[in-house]
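Asker: Here UniProt numbering is used: position 267 in the sequence shown is 267, and no number is missing along the way.
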Amino acid sequence: MKKEKGRSKLQELFQHPLYNLPRPELQEDDWLLRLKTDAEVEDSVGEDEDEENSITNDSEWQSASEEDGYDKVTWTRDKETHPPWLQFQLGISRWELYDRNDPNLAQLTHYLATNRILGAVQKTGGTQLKLLLSFPNYGQALLKPMRQSRDAETDVNLFYFSDFERHNAEIAAFHLDRLLGFNRIPPVVGRLVNITTEIRDITADRKLSRTFFTSPAGNTCFYGQCEYYCSTENPVCGRPHVLEVSLAAMLPDLTLAPRRSWRSPWRRSYSRTKLAQWEKDPAYCDTVKQTPPYNSGTRLVDLVDMAVLDFLMSNMDRHHYETFEKFGNETFLLHLDNGRAFGRHSQDEPSILAPLTQCCR
1 MKKEKGRSKL QELFQHPLYN LPRPELQEDD WLLRLKTDAE VEDSVGEDED EENSITNDSE
61 WQSASEEDGY DKVTWTRDKE THPPWLQFQL GISRWELYDR NDPNLAQLTH YLATNRILGA
121 VQKTGGTQLK LLLSFPNYGQ ALLKPMRQSR DAETDVNLFY FSDFERHNAE IAAFHLDRLL
181 GFNRIPPVVG RLVNITTEIR DITADRKLSR TFFTSPAGNT CFYGQCEYYC STENPVCGRP
241 HVLEVSLAAM LPDLTLAPRR SWRSPWRRSY SRTKLAQWEK DPAYCDTVKQ TPPYNSGTRL
301 VDLVDMAVLD FLMSNMDRHH YETFEKFGNE TFLLHLDNGR AFGRHSQDEP SILAPLTQCC
361 R
């Protein structure tokens, strides 16, 4: 591929015909979220004329004040007035989380890497420590901390479900997903945060704040509350205050865009002694092909796509996947939660490709 002057190798790659195949034109129902029309705005104003911050034709949404550190902002139906996180959410369609050519992608990653942190609380759910950060313009990001060096490989004696999550795995997974043309992982960046001034001193989460301490080496540490590795024996520590983390853009709130969680047919047993059915039955895919939603549409080949992604990053922890409820079964799969990827970069795990090897024969 000949590189043109002034363009990066990535830009050149995305100009290749394979990345620019014809796609169906998006219809109104193909967007996950949409702004209100003028008629809908007028109706909402008529229903509550006394509302203090009523919506008008010129103002779609307006913050009340700068209390608690939030910026006073006004967002109109003009997309240019929206912060990068909102533009990202409004750009989610039936077929992908973002358009690779959307200039907002660069703005969003810059926003995640540089915006002032206003608040930090522990994120519920999952098995390992993660935080939810808030920004002054009402945006949020999911933080995963650095727990080990980038080149540290998973101990060969550890089971796949016992490994630490890696912050850099989330970053690398986002970029690999882009290179494969999937666009199914929310944008993720790396960032250095001061865990004293940007987490401990501003958190309103009392349970989290109780877990901070100073290590014998003089480093600020914390461990939070979670199922695995949240203890004084497995703390997250700065050097002495600075910590490397990953920050992921948040998907729309579940009240606005509900998601459905699906158990993967090729889920592992998560047992030290038992094998999953697909590991014992070479003809397992024949059953899957007859089971909704895998018996129609693109769901099965989308699972194969996900298996290829997981194989390339050695991710054995794909037990579930999610889709947006609005689009039913005719939509893409979200490739979320990739923290246990890239654990063994010197060894491939062929069993991850089971959906491909069992179904494409």
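Virtual Cβ for every residue (Gly too), placed ideally from N, Cα, C.
Quick one: which unbroken beta strand (DSSP E) runs of 3-plus residues sit fully inside the UniProt domain "FAM20 C-terminal" (212 to 361)? Chain order, please.
Answerer: List check, beta strand (DSSP E) in window: 220 to 222, 242 to 249, 259 to 263, 320 to 324.
Asker: Quick check: L303 and P350, are their CB atoms within less than 8 Å of each other?
Answerer: Contact: no.
Asker: Report, in whole angstroms, the separation of the C-beta atoms of I195 and F174, which I expect to be a contact under 8 Å.
Answerer: With a Cβ gap of about 23 Å, I195 and F174 do not count as contacting.
Asker: According to DSSP, is W85 helix, strand or coil?
Answerer: Three-state result, W85: helix.
Asker: Given that a residue counts as buried once 16 or more other Cβ atoms are within 10 Å of its Cβ, and exposed if not, what is L21?
Answerer: So L21 counts as exposed.
Asker: Spell out the partners DSSP gives R150 in its beta bridges.
Answerer: DSSP, once it has assigned bridges, lists no residue as partnering R150.
Asker: Within 10 angstroms of its Cβ, does R23 collect 16 or more other Cβ (buried), or is it exposed?
Answerer: Counting Cβ neighbours within 10 Å, R23 comes out exposed, since fewer than 16 surround it.
Asker: How many whole angstroms separate the CB atoms of P145 and L129, which I take to be in contact at a CB cut-off of 8 Å?
Answerer: With 8 Å as the limit, P145 and L129 qualify as a contact, their Cβ atoms being about 7 Å apart.
Asker: In angstroms with no decimal places, state the Cα-to-Cα distance between P292 and R272.
Answerer: Distance between the alpha carbons of P292 and R272 is about 30 Å.
Asker: Leaving out the 5 sequence neighbours to the left and right, which residues in its chain are closer than 7 Å to F327 when beta-carbon positions are compared?
Answerer: Correct list, in chain order: R94.
Asker: Give the straight-line distance between the Cα atoms of S269 and L251, rounded to the nearest whole angstrom.
Answerer: So the two alpha carbons sit approximately 29 Å from each other.
Asker: Over what stretch of residues does the beta strand (DSSP E) that includes S134 continue unbroken?
Answerer: 131 to 134 is the span of the beta strand (DSSP E), which, as asked, contains S134.
Asker: Would you kindly work out how many angstroms separate the C-alpha atoms of D305 and E244, rounded to a whole number?
Answerer: The straight-line gap from Cα to Cα measures roughly 31 Å.
Asker: For the segment 277 to 289 and the segment 315 to 330, state whether three or more C-beta atom pairs, one from each stretch, are separated by less than 8 Å.
Answerer: Not touching, per the Cβ criterion.
Asker: CA-CA distance, P258 and E325?
Answerer: Straight-line Cα distance between these residues: approximately 6 Å.
Asker: Since I believe A307 is in contact with L353 (beta carbons under 8 Å), could you give me their beta-carbon distance rounded to a whole number of angstroms?
Answerer: The Cβ separation is near 6 Å, so the contact holds.
Asker: Along the beta strand (DSSP E) that carries Q122, what are the first and last residues, could you check?
Answerer: That run of the beta strand (DSSP E) goes 119 to 122.
Asker: Quick test of your reading: V242 and R147, contact by CB under 8 Å. State the CB separation rounded to the nearest angstrom.
Answerer: Not really, about 15 Å apart at Cβ, beyond 8 Å.
Asker: How should T331 be labelled, buried or exposed, when 16 other C-beta atoms within 10 angstroms of its C-beta is the threshold for buried?
Answerer: Buried, by the Cβ-count rule.
Asker: Check whether the segment 28 to 35 touches the segment 88 to 107, taking contact to mean three or more Cβ pairs, one atom from each stretch, closer than 8 Å.
Answerer: At 8 Å Cβ cutoff, the stretches touch.
Asker: For the segment 208 to 228 against the segment 175 to 188, are there 3 or more C-beta pairs whose distance is under 8 Å?
Answerer: Output reads no: the segment 175 to 188 does not touch the segment 208 to 228.
Asker: Provide the residue(s) that pair with residue 440 in DSSP beta bridges, ordered along the chain.
Answerer: The first residue shown for the chain is 1 and the last is 361, placing residue 440 beyond what the model contains.
Asker: Span of the beta strand (DSSP E) holding D35?
Answerer: In the sequence on display, residue 35 carries Leu and not Asp. From DSSP, L35 is part of no beta strand (DSSP E); its letter is neither H nor E.
Asker: Looking only at C-alpha atoms, which of N168, Q15, L10, L33 sits nearest to T255?
Answerer: Out of N168, Q15, L10, L33, L33 has the C-alpha closest to the C-alpha of T255.
Asker: Within 10 angstroms of its Cβ, does Q347 collect 16 or more other Cβ (buried), or is it exposed?
Answerer: Q347 is exposed by the Cβ-count criterion.
Asker: When burial is assigned at 16 or more other CB atoms within 10 Å of the CB, is E198 buried or exposed?
Answerer: By the neighbour-count rule (16 or more Cβ atoms within 10 Å), E198 is buried.
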